[in-house]
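*Asks:*
Residue numbers (our numbering): -16 to 175.
(1) Round the Cβ separation of residue 60 and residue 84 to the nearest angstrom and send it over; I've been treating them as touching at under 8 Å.
(2) Give me the Cβ distance between residue 153 and residue 69, rounded to the nearest whole Å; I'm assuming they're in contact under 8 Å.
(3) What do you reckon, are the CB atoms on residue 118 and residue 168 nearer than 8 Å?
(4) What number of angstroms, rounded off, separates the C-alpha of residue 158 from the C-alpha of residue 98?
(5) Given a cut-off of 8 Å, decide if residue 116 and residue 62 are closer than it, judged by their beta-carbon atoms.
(6) Is the beta carbon of residue 71 less than 8 Å from the beta carbon of residue 80?
(7) If you run the structure through DSSP and keep just helix, strand and coil, what is residue 36?
(8) Go ahead and pull the three-state DSSP assignment for residue 158.
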C-alpha cells in the first residue's frame, strides 16, 4: 500500500489530490489524468495506448496539454484491414486465430515497408495510433473471392496460408487511406 500511496502522490502531488487512511481507500479520481487523453509531452503526441501508464507521460510534473493543443483530425486516416475466417474462429482456439491475423498483418506491412502509406502508418508520429479494422468472412471460398476482388482493384494485400496444412486463414491489406479501400469491405461484418 505504501508503494501505491507514493505513486499516487507522485502523480497528483500533495496539494492536488486527497488521500485518506487505507481503511477508507478514497482517492479523488478527478485529479488523475485520463489514459485516453494523455499527451506525450516529448513528442506532442496523444497516447491511446492502454499498455503505457499515464505516469510515463507526466513524469516532469507539468500539467497535461489542453484540448486546444491537439493536432487537427485527419479526415482520411490510414487503415489496415484484417479479415478472418468465421469457420476457423468457431473451431480453432482463439489465440491461434489471432496469431493468423497477426501473421498476415505483419507480412503485409513488412512486404510493403517502403510504400509511402506504410512508412507514414508506422512512423514514430503515428505508431501509437494505428487504425485497424478486423472483419470476418464465412470461410475459405469467401476469403479467396475477397482476395481476387482486391487483386482486380489493385489493392495490395497478403493472404496468410498456414503451413504445413496449406490453409488460407486470413487476409490483411497494406495500410491505405480509408477512402481508397473501405468500399471493398463494406459488405463484411465486424469480427466479434
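By construction, the Cβ of each residue, glycine as well, lies at the ideal position given by its N, Cα and C atoms.
*Replies:* Considering the structure as presented:
(1) Contact doesn't hold; Cβ gap of about 20 Å is too wide.
(2) Not confirmed; about 11 Å, so no contact.
(3) yes
(4) 9 Å
(5) yes
(6) yes
(7) With a pLDDT of only 39 at residue 36, under 50, the local geometry of the prediction cannot be trusted, and the value read off the model is given with reservation. Reduced to three states, the DSSP call for residue 36 is coil.
(8) coil
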